[in-house]
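In what follows, a single structure is set out as structure tokens and then discussed.
Take a look at the structure:
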């Protein structure tokens, strides 16, 4: 696995890095590509939803990005992508993803952003990128690990 570390002194830095990753996704776009899966790991309040908001807005969503804590998933049609933002914090069993039709979310040209992915282990797709956000006093440390060829291509641009 390839990894890069980032020190993010502010929320603005976190949003800027999310924008850079979204721009890399736009630059590396190929028609009919397999779903891109990004796992977001960190404690409550670490910045997973903030990162997702910056990423989704950088892909072209002009409205608010709601936390899917209670709905489990919020979807955004951002042509040419369908972005599905999952928050699995409230998931009691990974099989619940099967009951909600997880396979319907995995078409080509789909981007999956999954917070608390460990709660969907075995059902949620393996990640192309694994992003770990940790507190560093008032700032954040972020580690982005690439687990696939596509993930490594995106990581190299950051």
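In the numbering used here, the protein residues as written are 38 to 195.
Every residue gets a Cβ at the ideal spot worked out from N, C-alpha and C, and that includes glycine.
Owing to the predicted nature of the structure, the values given are computational and were not obtained by experimental measurement.
1. With hydrogens ignored, establish whether the beta-carbon of residue 143 is closer than 7 Å to any heavy atom of the ligand ATP.
2. Can you grab the Cα-Cα spacing for the pair residue 101 / residue 65, in whole Å?
3. Measuring CA to CA, which of 183, 87, 91 is closest to residue 99?
4. Give me the Cβ distance between residue 118 and residue 86, rounded to the nearest whole Å; I'm assuming they're in contact under 8 Å.
5. How should residue 44 be labelled, buried or exposed, when 16 other C-beta atoms within 10 angstroms of its C-beta is the threshold for buried?
6. Please name the residue, chosen from 111, 154, 47, 183, that lies closest to residue 131 on a Cα-to-Cα basis.
7. Taking only the alpha-carbon atoms, compute the straight-line gap between residue 184 and residue 171 and give it to the nearest angstrom.
8. What separation, rounded to the nearest whole angstrom, lies between the Cα atoms of residue 143 and residue 48?
9. Using only the alpha-carbon positions, how far apart do residue 191 and residue 62 sit?
Well, looking at it:
1. Only the bare structure without any ligand can be found here, which leaves the ligand ATP out of the picture.
2. The alpha-carbon separation between residue 101 and residue 65 amounts to approximately 26 Å.
3. For residue 99, the closest alpha carbon among the candidates 183, 87, 91 is that of 91.
4. For a cut-off of 8 Å, the C-beta gap from residue 118 to residue 86 is around 19 Å, too long to register as a contact.
5. Residue 44 is classed as exposed because its beta carbon has fewer than 16 other beta carbons within 10 Å across all chains shown.
6. It is 154 whose Cα lies nearest to the Cα of residue 131.
7. Taking the straight line from one Cα to the other gives about 20 Å.
8. One C-alpha to the other measures close to 30 Å.
9. The straight-line gap from Cα to Cα measures roughly 7 Å.
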